[in-house]
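S.K.:
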Amino acid sequence: MAIQAQKTTPDKPQPQRATRKDNWWLSPLVFALVFGFFAVWATFRAFQNNYYEVGNYLSPFYAPTIQLSWKIMGFNISPALLILPFPLSFRMTCYYYRKALYRSFAADPVACAVKEPEPLYKLRWKKYTGERVFPFVAMNFHRYAFYAAALFMIMLWIDAIKAFFFEGRLGMGIGSLIFLVNVLLLTLYTFSCHSWRHLIGGGQDCYSCSAMNKTRYGLWAKVSFLNERHGNWAMASLISVLVTDIYVYLLATKVITDIRFF
Amino acid sequence: MADTIILKVYRGDAEGGELHTYEVPKSPHMVVLDAIHHIQRNQEPSLACRWNCKAAKCGSCSAEINGMPRLMCKAQVDDYAGGEIIVTPMHTFPIIKDLVTDVSWNYRVSSKIPPLVPKPEYADKPFNLQQIDVDRVQEFRKCIECFLCQDVCHVLREHQRTDGFFGPRQMVKIASLEMHPMDNLNRREQLKNEGGVGFCNITKCCTEVCPEHIHITDNAIIPLKERVADDYFDPVQGLLRKIGIIKRERKQPLDSVPNEQTKIHRPV
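Okay, here's the thing in structure tokens:
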């Protein structure tokens, strides 16, 4: 016999929303920890202005090589301070990072359907303007950051190839492989960009109208395939840049030595 | 006890309400809507709930289950094993009764979006379309207007900016027209201003809750933002267009469409 539904006494009055019971906090927390560590390490390395080059290995924070002799109040200006704004602007305006940063560092929103923290909510209510006014309106210039990042990719590929040449001869060490993986992940991240997807063909309405547009459709479809995993490439390349720099730092400070295969 | 589930269902109206607890027998492959129907049949005939197809195609039974916007007919009870299931109405919209909310705002906004205006050369002629031209917009046609994306969007939900942002559902609708090869209307001005695409800060919650798995953010909103950037935030492209290096099809402005054409008439 079927069990009948049983109504019990009403609970105390509740607001018209329930709290999510799943681990919604895990993803923003993990991102905050990983990105936070990256930011601290990158800042430390950028100002350190040392231990960034060992033989044919050049840290991505200091690529391309810039010979600087500028000083401010007796301190040497690190070339990384001139280099990092470009890749940093690409990441900060990236559509994937926007989601992750807004969630983890602005709690706007911290997770889907999760109420924003009360102090922030009180501060922001009716003042929310999204990406319509300064400073967040600058997110609309992401394509320019992409152009810079694409130029940097050429230089990073040159550095990755150099990592396979030891004193003028072809060779391979652990570092060479780390540089190769890093540049591959950075390439996947850069060229799976939403702005690139738009520029390569997404902005077109009629793909069958000309041979050029048909070609652009094919390219758009390929970029779209990469774009589906843009967030994965973004995080993987962030970690690979970190690993590559730490590897160069450890080699330069003689904590470890590079294992050469040939 | 293993054969029953505990449901807490919001009962109330615009004046206020409370969660009522029900114990419902569990059956194989049961969905939350089944449990609600069981309560209606056996205990609370007055429990209000909007539903129609029970096949995740009509988009009627939208609600929030344990705080997350979902279709009740698609939410398996087994997914919530080991705990009570809290069912509340969509938070973003005004409540009518129990689990039924007033979603008419969405239709009012939808009526502000002009329908497809064919290019002059195709007017009154059948459209001969290639598959590659409609690949993108076909995805948008899957929308069942359940409004879960509108419910979860924090711009509407937390910041209540219904005055400035059309919401993800309407962005999908605009994208399906803006990317249509036969449409001749310039929709970018509406997108930037009245539509408020700039309010979206890409948190992708709309994509997460879409029961039709439409990539709302990646395939609709971000491409629309890029199109707006083409016109309003790219001085280099603007210059190249001006001196004729980049040629773009000129579409007719939005205000060239007669008001009657943009109005959707519905019975009162």
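If you're matching them up, the sequences are chains A and B in order.
Here the first sequence is numbered in this note's numbering, starting from 1 and rising by one per residue.
Here the second sequence is numbered in this note's numbering, starting from 1001 and rising by one per residue.
Just so you know, even glycine gets a beta-carbon here, dropped at the ideal spot from N, CA and C.
Residue 1152 of chain B to residue 1135 of chain B, Cα distance in whole Å?
M.R.: Approximately 27 Å, taken between the alpha carbons.
S.K.: Going by C-alpha to C-alpha distance, which of B/1237, B/1144, B/1090 and B/1113 sits closest to residue 1066 of chain B?
M.R.: It is B/1090 whose Cα lies nearest to the Cα of residue 1066 of chain B.
S.K.: With three or more C-beta pairs closer than 8 Å as the rule, is the region 1187-1194 of chain B touching the region 1127-1147 of chain B?
M.R.: Segments in contact, no.
S.K.: To test your reading of the DSSP string, which unbroken beta strand (DSSP E) runs of 3 or more residues are found completely within the region 1013-1059 of chain B?
M.R.: Runs found: 1016-1025.
S.K.: Do residue 1168 of chain B and residue 1206 of chain B have their CB atoms nearer than 7 Å?
M.R.: Their beta carbons are under 7 Å apart, which means residue 1168 of chain B touches residue 1206 of chain B by this criterion.
S.K.: How would you list, in chain order, the residues of chain B whose beta-carbon sits under 7 Å from the beta-carbon of residue 95 of chain A?
M.R.: Going along chain B in sequence order, the residues near residue 95 of chain A (Cβ under 7 Å) are 1202 and 1222.
S.K.: Between the alpha carbons of residue 150 of chain A and residue 1202 of chain B, how many angstroms are there, rounded?
M.R.: Straight-line Cα distance between these residues: approximately 23 Å.
S.K.: For the beta strand (DSSP E) that contains residue 1085 of chain B, what are its first and last residues?
M.R.: Where residue 1085 of chain B is concerned, the enclosing beta strand (DSSP E) stretches over 1085-1088.
S.K.: In this structure, how does DSSP classify residue 27 of chain A when only helix, strand and coil are distinguished?
M.R.: Helix.
S.K.: Can you give me, in chain order, the residues of the region 1053-1069 of chain B that have a beta carbon less than 7 Å from any beta carbon in chain A?
M.R.: Of all residues in the region 1053-1069 of chain B, 1064, 1066, 1067, 1068 and 1069 have a Cβ within less than 7 Å of some Cβ in chain A.
S.K.: Sorted by chain position, which residues of the same chain lie with C-beta nearer than 6 Å to residue 253 of chain A's C-beta, five sequence neighbours on each side aside?
M.R.: Correct list, in chain order: 51.
S.K.: Confirm, please, whether the CB-CB distance from residue 1173 of chain B to residue 1113 of chain B is below 7 Å.
M.R.: Contact flag set, yes.
S.K.: How many angstroms separate the CA atom of residue 1059 of chain B from the CA atom of residue 1078 of chain B?
M.R.: Cα to Cα, residue 1059 of chain B sits roughly 22 Å from residue 1078 of chain B.
S.K.: At 8 Å on the CB atoms, spell out the chain A contacts of residue 1083 of chain B, in chain order.
M.R.: Neighbours of residue 1083 of chain B on chain A, chain order: 21.
S.K.: Within the region 124-175 of chain A, note down every full beta strand (DSSP E) run reaching 3 residues or more, in order along the chain.
M.R.: Listed in chain order, there is nothing to give.
S.K.: Please report how far the alpha carbon of residue 48 of chain A lies from the alpha carbon of residue 188 of chain A, in whole angstroms.
M.R.: Residue 48 of chain A and residue 188 of chain A: Cα-Cα distance of roughly 29 Å.
S.K.: Is the CB-CB distance between residue 31 of chain A and residue 78 of chain A below 7 Å?
M.R.: Their beta carbons are not under 7 Å apart, which means residue 31 of chain A does not touch residue 78 of chain A by this criterion.
S.K.: From the DSSP output, which residues share a beta bridge with residue 1076 of chain B?
M.R.: Residue 1076 of chain B pairs with B/1031.
S.K.: What does DSSP give as the partner residue(s) for residue 1068 of chain B in the beta ladder?
M.R.: The partner list for residue 1068 of chain B (beta bridge, DSSP) reads B/1065.
S.K.: Taking the C-alpha atoms as reference points, what is the distance between residue 1141 of chain B and residue 1150 of chain B?
M.R.: When rounded, the distance between both Cα atoms is 17 Å.
S.K.: Could you name the residues that DSSP lists as bridge partners for residue 1005 of chain B?
M.R.: Per DSSP, B/1024.
S.K.: With distances taken from CA atoms, which of A/35, A/210 and A/123 is nearest residue 239 of chain A?
M.R.: Ranking the options by Cα distance to residue 239 of chain A, first place goes to A/35.
S.K.: Identify the contact partners of residue 121 of chain A in chain B, using a Cβ-Cβ distance below 8 Å as the criterion.
M.R.: Those are 1158, listed as they occur along chain B.
S.K.: Which runs of the alpha helix (DSSP H) fall wholly inside the region 1111-1191 of chain B and span at least 4 residues, in chain order?
M.R.: Segments of the alpha helix (DSSP H) lying fully in the region 1111-1191 of chain B: 1131-1140, 1148-1152, 1154-1157 and 1168-1178.
S.K.: Mind checking whether residue 93 of chain A and residue 145 of chain A have CB atoms under 7 Å apart?
M.R.: Yes, these two residues count as a Cβ contact at 7 Å.
S.K.: For a cutoff of 7 Å on Cβ pairs, would you count residue 140 of chain A as touching chain D?
M.R.: As a matter of chain content, chain D is missing from the structure shown, whose protein chains are A and B.
S.K.: Using Cβ-Cβ distances below 7 Å, what residues of the region 1182-1202 of chain B are close to chain A?
M.R.: Under the 7 Å Cβ criterion, the region 1182-1202 of chain B contributes 1198, 1199, 1200, 1201 and 1202.
S.K.: Anyone know if the C-beta pair for residue 1073 of chain B and residue 1031 of chain B falls short of 7 Å?
M.R.: Yes.
S.K.: Return the Cβ separation of residue 130 of chain A and residue 1199 of chain B in integer angstroms, given the expectation that the two are a contact with Cβ distance under 8 Å.
M.R.: Rounded, the Cβ-Cβ distance is 4 Å, consistent with contact.
S.K.: The beta strand (DSSP E) that contains residue 1095 of chain B, what's its start and end?
M.R.: Where residue 1095 of chain B is concerned, the enclosing beta strand (DSSP E) stretches over 1095-1097.
S.K.: Note down, in chain order, each residue of its chain lying with its Cβ closer than 7 Å to the Cβ of residue 1054 of chain B, except the 5 sequence neighbours on either side.
M.R.: Contacts found: 1033 and 1073.
S.K.: Along the chain, where does the alpha helix (DSSP H) containing residue 104 of chain A start, and where does it finish?
M.R.: Segment 95-105, the alpha helix (DSSP H) holding residue 104 of chain A.
S.K.: With 7 Å as the C-beta to C-beta threshold (strictly closer), list the residues of the region 1116-1145 of chain B near chain A in chain order.
M.R.: Of all residues in the region 1116-1145 of chain B, 1130, 1132 and 1133 have a Cβ within less than 7 Å of some Cβ in chain A.
S.K.: With H, G and I counted as helix, E and B as strand and the rest as coil, what does DSSP make of residue 68 of chain A?
M.R.: Reduced to three states, the DSSP call for residue 68 of chain A is coil.
S.K.: If the cut-off is 9 Å on Cβ atoms, which residues from the region 1207-1231 of chain B count as contacting chain A, listed in chain order?
M.R.: Of all residues in the region 1207-1231 of chain B, 1208, 1209, 1215, 1217, 1218, 1219, 1222, 1223, 1225, 1226, 1227, 1228, 1229 and 1230 have a Cβ within less than 9 Å of some Cβ in chain A.
S.K.: Residues in its own chain within less than 6 Å of residue 242 of chain A by CB, not counting five upstream and five downstream?
M.R.: So the qualifying residues of the chain are 38.
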